[in-house]
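Numbering (our numbering), first residue to last: 57 to 246.
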């Protein structure tokens, strides 16, 4: 029995005539290899096709202000995610770990910002830095409130909610930046 190095060696060894199924398989494998070697970045193709369609048509010019709506959409998303997580925790059995993720919305936002070339405008909003500062200010207010208030249970609930809100925004930020990298299109590749 002969040991074959590759599937091509096996095909060549058993090939009888040019029209055999093995010959056809060999041609298909060769074609697949050639196609795989070509630069086939489908994400880049999608971005470029939609970019040319949206940016070359004046009827879509209103979309160039889309980046302004992104912070409000993100706040709504975070609040929705917190509600979904709370519902899951209530339904879950005790001491069971539950993982919940929904990155499709964030991927969609990143895709739209990429297609419309709005990343510089969105970045100029310093949105995530503003959220971090707001959470830090809220933590300080809660600390002051803890010193003066007698309702420790209410303050504890506020602190728990704020920590969950801050954590969800951090997760959103990480996912959003990953999506940005995923959809990044290098113009100097061409």
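Note that beta-carbon positions come from the ideal geometry of N, C-alpha and C, so glycine has one too.
Residue i classed as buried or exposed, judged by whether at least 16 other C-beta atoms fall within 10 angstroms
i: residue 171; result: buried
i: residue 60; result: Here residue 60 scores only 48 on pLDDT, less than 50, and its place in the model is too uncertain to base an answer on.
i: residue 130; result: buried
i: residue 124; result: exposed
i: residue 228; result: buried
i: residue 187; result: buried
i: residue 116; result: exposed
Residues of its chain near residue i, where Cβ-Cβ distance is below 7 Å and the 5 sequence neighbours each way are ignored
i: residue 239; result: 99, 103, 166, 167 and 170
i: residue 215; result: 198
i: residue 220; result: 138
i: residue 209; result: none
C-beta contact flag for residue i and residue j at 7 Å
i: residue 109; j: residue 163; result: no
i: residue 231; j: residue 158; result: no
i: residue 183; j: residue 127; result: yes
i: residue 194; j: residue 218; result: yes
Beta-carbon separation (whole angstroms), residue i vs residue j, contact threshold 8 Å
i: residue 178; j: residue 133; result: That pair is no contact at about 15 Å.
i: residue 222; j: residue 191; result: 4 Å
i: residue 156; j: residue 141; result: 6 Å
i: residue 201; j: residue 211; result: 6 Å
6 Å Cβ shell around residue i - same chain, five flanking residues per side excluded
i: residue 243; result: Confidence in residue 243 is poor, its pLDDT being 49 and thus under 50, which makes the residue's placement too unreliable to answer from.
i: residue 107; result: 171
i: residue 120; result: none
Sequence-distant residues of its chain with Cβ nearer than 8 Å to residue i (five each side left out)
i: residue 87; result: none
i: residue 144; result: 154 and 156
i: residue 205; result: 211
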